[in-house]
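Protein chains in written order, with the working numbering: chain A, 107 to 439; chain P, 107 to 439.
C-beta atoms are modelled at their ideal positions from N, C-alpha and C, and glycine is treated no differently.
Being a predicted model, the structure only gives us computed values, none of them experimental.
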DNA sequence: AGCCTATTTGTTATCGATATCATTGCGTGT
DNA sequence: ACACGCAATGATATCGATAACAAATAGGCT
């Protein structure tokens with residue numbers, strides 16, 4: 107910066123101003139400095155600026171998996187809104203492990219982000235302590251935690267699954283199965299399972315048709331195997347709710363290979379409104395939880411909170427998921 | 107850090123040492139300091155350390171899209187290897203726009219990463235200048251650029267597609283179509299198209315069956331529409347090569363809806379070895395370019411380059427993609 | 001014990017941008 | 001021409017960790 111200042115015949119302070127939005131500096135001086143900087147190949151040093159100002163412009167974002175279109179959409183929503191406002195997303199993924207989340211939280215906090223976005227409301231004790239001490243806005247997403255650490259942008263996985271089961275019942279299903287995990291590492295999958303159980307009880311139906319698809323991530327391949335197991339164990343099943351569309355598509359593939367007609371022999375539903383749900387033949391009935399909107403809303407909260415700095419009340423935004431009807435549950439009587 | 111030093115009865119320098127791997131410090135003192143730090147809720151300030159040492163521990167990674175399982179795998183490969191060695195990935199996506207890449211390059215360089223990983227070899231003039239001046243290791247991935255800016259870990263999209271066409275020809279296909287884009291914004295898609303054209307010429311076949319699937323990202327939905335167009339325009343086609351598996355699956359879905367049998371009426375192949383390729387019914391013949399390995403190798407290069415610091419020769423690793431046979435091109439005569 | 005070496009700990013200056021306050025310049029109205 | 005007020009620019013100290021060097025302590029040997 108000193109070199110640029112000399113080249114432009116001004117002080118370093120003026121050069122500093124030339125690279126900031128708000129600064130009071132004449133347009134002429136600024137362009138002169140920018141020119142000199144370009145000529146010298148100077149690139150602004152954000153590490154020094156962040157250090158001095160205590161504002162890094164980083165927003166730490168922690169998701170379970172990077173290889174998941176739903177979480178990717180949330181990151182896109184966050185990133186698109188934040189990057190337009192001069193923020194940079196610091197992304198990390200936990201592979202659905204709480205200890206890994208704790209590590210990431212510590213690593214990220216040492217980078218002094220201006221806010222942090224987490225997935226879900228389950229964190230290790232130590233992670234919670236670190237977060238509380240950090241004194242930055244916290245946003246928990248994708249869930250409605252009972253005791254939120256900060257702001258929340260989420261939805262009730264349980265209720266969404268209840269709605270889905272309700273739809274299956276409406277379509278005449280009675281012997282409904284659930285494919286998904288029961289792992290503590292996937293609280294959202296678990297909530298959906300709970301929603302399934304609660305809905306079945308509500309309708310007075312037998313809720314014992316449960317196929318454990320294993321540890322997260324539960325993807326197409328696990329869904330396919332789980333469907334094999336289901337057909338083996340409960341051959342009289344007339345509808346299947348899956349923990350995700352990927353899982354459901356795997357189940358669909360097994361059905362196709364076995365010559366089982368969907369929805370004729372068996373109705374099928376997924377969760378998440380992945381692209382595969384609309385493109386699959388038959389298209390899959392699913393739940394759209396608007397993952398992109400989750401990210402955008404979380405970003406908005408961060409922008410507002412950091413604008414009116416000071417102790418802000420905890421925002422709580424509950425997204426209302428929507429049922430997307432596909433042909434996989436359409437029975438034209 | 108001063109507070110921790112006082113609490114532990116040592117100097118700040120000793121506290122600094124307690125938080126570093128290599129430092130010479132007695133185990134007893136270290137644990138005493140760590141304890142004090144935990145008690146006080148102290149979190150190491152990486153912004154200050156990075157500023158002082160000129161080593162941020164950041165590796166900037168720029169990919170076209172975050173919502174793509176192939177690129178996600180490369181990021182995972184990178185991230186997994188790098189995070190084990192104390193590095194942190196700074197991820198950005200361009201939406202397949204070179205200008206956005208330029209912006210990201212500038213933003214990332216201002217964060218002083220220790221290395222930068224790019225997708226492909228096409229960059230704006232200004233981006234190239236910035237990168238050259240940055241004096242950090244550069245790795246270009248997913249392509250084999252003619253004039254690389256630094257290290258390369260990639261493969262020939264053209265050759266891979268040639269191999270795929272060769273397979274289709276072996277299986278008896280003659281009227282082969284290609285579904286994909288021809289956009290400058292997707293050099294990899296373009297190379298695959300070129301590979302298709304070259305292979306068709308090599309086999310003395312008519313290469314005019316080209317369906318433009320639009321701008322990237324080309325996903326399932328575009329693939330489905332493109333297949334509609336193909337069936338309309340060239341109804342006598344006997345095999346289709348798609349620019350990606352997502353595109354191919356879209357095409358497959360259209361075929362299924364139209365009652366066209368794959369591979370009976372039409373052979374179909376994709377690219378990328380996405381999970382959908384193995385789970386789809388029929389499974390899709392595809393090309394595995396080992397995206398995770400690309401990331402891992404790129405990470406290795408960075409680790410080695412930064413270890414023996416100094417001007418290192420440009421590494422060039424060419425991945426050999428493999429043909430994965432699926433039932434979508436299996437004709438049992 | 002006394003000496004020597006290796007290990008551990010302490011002191012001081014420093015990285016590059018910016019907050020803060022001081023100063024200069026410039027246009028406007030009378 | 002002068003005073004006034006606002007805009008533009010400059011000087012200096014500072015953020016928190018660490019490099020570089022200096023000092024102190026511990027441990028091993030005769």
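Q.
Rounding to the nearest angstrom, what Cα-Cα distance links residue 374/A and residue 280/A in this structure?
A. For the purposes of this step, residue 374/A is identified with residue 268 of the first chain, where counting begins at 1. For the purposes of this step, residue 280/A is identified with residue 174 of the first chain, where counting begins at 1. Cα to Cα, the separation comes out at about 13 Å.
(Q) Once the 5 residues before and after residue 148/A are set aside, which same chain residues still bring their CB inside 6 Å of it? (A) Here the question's residue 148/A lines up with position 42 in the first chain. The answer, listed in chain order, is 110.
Q.
Once DSSP output is grouped into helix, strand and coil, what is the label at residue 373/P?
A. Position 267 of the second chain holds residue 373/P. Three-state result, residue 373/P: strand.
(Q) In the DSSP output, what is residue 345/A paired with across the bridge? (A) Position 239 of the first chain, counting from 1, holds the residue named residue 345/A. DSSP lists 282/A and 373/A as partners of residue 345/A.
(Q) Does the structure place the segment 144 to 162 of chain A close enough to the segment 152 to 164 of chain P that three or more beta carbon pairs sit under 8 Å? (A) yes
Q.
As a quick exercise: from 245/A, 139/A, 138/A and 289/A, pick the residue whose alpha carbon is nearest that of residue 319/A.
A. To locate residue 319/A, count along the first chain from 1; it is residue 213. Closest by alpha carbon: 289/A.
Q | Reference residue 331/P, options 112/P, 345/P and 357/P, closest by Cα | A | Your numbering for residue 331/P matches position 225 in the second chain. Checked all of 112/P, 345/P and 357/P; the closest Cα to residue 331/P is 357/P.
Q) Considering only residues of the same chain and omitting the five flanking positions on each side of residue 180/A, which have a CB-CB separation below 6 Å? A) The count along the first chain starts at 1 and reaches residue 180/A at position 74. Only 397, 400 and 401 meet the Cβ criterion.
Q: Decide if residue 298/A is buried, meaning its Cβ has at least 16 other Cβ atoms within 10 Å, or exposed.
A: For this step, residue 298/A is matched to residue 192 along the first chain. Label assigned to residue 298/A: buried.
Q) chain P partners of residue 126/A, CB-CB under 9 Å? A) Here residue 126/A is taken as the residue at index 20 of the first chain, counted from 1. The contacting residues do not exist; residue 126/A stays about 13 Å from chain P at best.
Q. Mind checking residue 389/P: buried by the 16 CB within 10 Å criterion, or exposed?
A. Taking the first residue of the second chain as 1, we reach residue 389/P at position 283. With 16 or more Cβ atoms within 10 Å of its Cβ, residue 389/P is classed as buried.
Q.
Looking at chain A, is there any beta carbon in it that lies within less than 8 Å of the beta carbon of residue 355/P?
A. Counting from one through the second chain, the residue named residue 355/P turns up at place 249. Judged by the 8 Å Cβ criterion, residue 355/P is in contact with chain A.
Q | Nearest neighbour of residue 387/A, chosen from 193/P, 361/P, 410/P and 371/P [CA to CA] | A | Locating residue 387/A in the first chain gives position 281, counting from the first residue. Minimum Cα distance to residue 387/A is reached at 361/P.
Q) If residue 293/P and residue 174/P are in contact, beta carbons under 8 Å, what's the gap, nearest whole angstrom? A) Locating residue 293/P in the second chain gives position 187, where the first residue counts as 1. Locating residue 174/P in the second chain gives position 68, where the first residue counts as 1. No, residue 293/P and residue 174/P are not in contact; Cβ-Cβ is about 15 Å, not under 8 Å.
Q | Cβ-based neighbour list, residue 333/P, same chain, cut-off 6 Å, excluding 5 preceding and 5 following | A | Counting from 1 along the second chain, the entry for residue 333/P is found at position 227. Within the same chain, residue 333/P has close Cβ partners 357 and 360.
Q | residue 143/A versus residue 122/P: straight-line alpha-carbon distance, rounded | A | To locate residue 143/A, count along the first chain from 1; it is residue 37. To locate residue 122/P, count along the second chain from 1; it is residue 16. Taking the straight line joining both Cα atoms gives about 35 Å.
(Q) Against chain A, does residue 162/P count as a neighbour if the rule is that its beta carbon must be under 8 Å from one of theirs? (A) The residue you call residue 162/P lines up with position 56 of the second chain. Answer yes: the Cβ-Cβ gap between residue 162/P and chain A drops below 8 Å somewhere.
Q. Assuming residue 274/P contacts residue 335/P under a Cβ cut-off of 8 Å, what Cβ separation, rounded to an integer in Å, is found between them?
A. Within the second chain, numbered from 1, the residue matching residue 274/P stands at position 168. Within the second chain, numbered from 1, the residue matching residue 335/P stands at position 229. In fact, because the Cβ distance is near 20 Å, the residues do not count as touching under 8 Å.
Q. Looking at the unbroken alpha helix (DSSP H) that takes in residue 337/P, where does it start and where does it end?
A. The residue given as residue 337/P occupies position 231 in the second chain. Per DSSP, residue 337/P belongs to the alpha helix (DSSP H) from 326 to 339.
Q: Taking C-beta pairs closer than 8 Å, name the residues in chain P that residue 151/A reaches, listed in chain order.
A: As a working mapping, residue 151/A is identified with position 45 in the first chain. Within 8 Å Cβ-Cβ: 216 and 218.
Q: Give the DSSP-derived three-state secondary structure of residue 247/P in the structure shown.
A: Within the second chain, numbered from 1, the residue matching residue 247/P stands at position 141. It is a strand residue.
Q) When the Cα atoms are used, what is the spatial distance from residue 127/P to residue 244/A? A) If you number the second chain from 1, residue 127/P lands on position 21. If you number the first chain from 1, residue 244/A lands on position 138. Distance between the alpha carbons of residue 127/P and residue 244/A is about 30 Å.
Q. Residues in its own chain within less than 7 Å of residue 436/P by CB, not counting five upstream and five downstream?
A. As a position in the second chain, residue 436/P is number 330, starting the count at 1. Answer for residue 436/P: 369, listed in chain order.
Q) residue 197/P touches chain A at which residues, Cβ-Cβ below 7 Å? A) By one-based count along the second chain, residue 197/P stands at place 91. Within chain A, the residues near residue 197/P are 197.
Q: Please check if any C-beta of chain P sits within less than 8 Å of the C-beta of residue 405/A.
A: As a position in the first chain, residue 405/A is number 299, starting the count at 1. So no, residue 405/A is outside the interface.
Q: Compare the beta carbon distance of residue 329/P and residue 309/P with 8 Å and say whether it is the shorter of the two.
A: Counting from 1 along the second chain, the entry for residue 329/P is found at position 223. Counting from 1 along the second chain, the entry for residue 309/P is found at position 203. Not closer than 8 Å, so no.
Q: State the Cα-Cα distance for the pair residue 145/A and residue 206/P, rounded to the nearest angstrom.
A: On the first chain, position 39 is the one that residue 145/A refers to. On the second chain, position 100 is the one that residue 206/P refers to. The alpha-carbon atoms of residue 145/A and residue 206/P are separated by roughly 22 Å.
Q. Apart from the five residues on each side of it in sequence, which residues of its chain come closer than 8 Å, Cβ to Cβ, to residue 327/P?
A. In the second chain, residue 327/P corresponds to position 221, counting from 1. Only 356 meet the Cβ criterion.
**Q.** residue 205/P - DSSP class collapsed to helix/strand/coil
**A.** Your numbering for residue 205/P matches position 99 in the second chain. Reduced to three states, the DSSP call for residue 205/P is helix.
**Q.** Integer-rounded CB distance, given that residue 220/A should sit under 8 Å from residue 164/A
**A.** For this step, residue 164/A is matched to residue 58 along the first chain. For this step, residue 220/A is matched to residue 114 along the first chain. 6 Å between Cβ atoms; contact.
Q: Report all residues from its chain with a CB closer than 6 Å to the CB of residue 321/P; omit the five preceding and five following residues, and keep chain order.
A: Start at 1 with the first residue of the second chain, and residue 321/P comes out as number 215. For residue 321/P, where only same-chain residues beyond five positions count, the Cβ hits under 6 Å are 289.
**Q.** residue 230/P versus residue 434/P - alpha carbon distance
**A.** The sequence position of residue 230/P within the second chain is 124, counting from 1. The sequence position of residue 434/P within the second chain is 328, counting from 1. Looking at the two C-alpha atoms, the distance is approximately 39 Å.
Q: Let me know if residue 385/A comes out buried or exposed under the rule of 16 or more other beta-carbons within 10 Å of its beta-carbon.
A: Within the first chain, numbered from 1, the residue matching residue 385/A stands at position 279. Per the 10 Å Cβ criterion, buried.
Q: Using 10 angstroms around the beta-carbon of residue 268/P, count the other beta-carbons present and answer buried if the total reaches 16, otherwise exposed.
A: Locating residue 268/P in the second chain gives position 162, where the first residue counts as 1. The residue in question, residue 268/P, is buried, as its Cβ has 16 or more Cβ neighbours within 10 Å.
**Q.** Residues near residue 425/A in its chain [Cβ-Cβ closer than 8 Å; skip 5 each side]
**A.** One-based indexing of the first chain puts residue 425/A at position 319. Only 259, 260, 261, 395, 396, 399, 400 and 403 meet the Cβ criterion.
Q. What are the start and end residues of the alpha helix (DSSP H) that includes residue 234/P?
A. By 1-based counting over the second chain, the position of residue 234/P is 128. It spans 231 to 240 - the alpha helix (DSSP H) in which residue 234/P sits, taken as one unbroken run.
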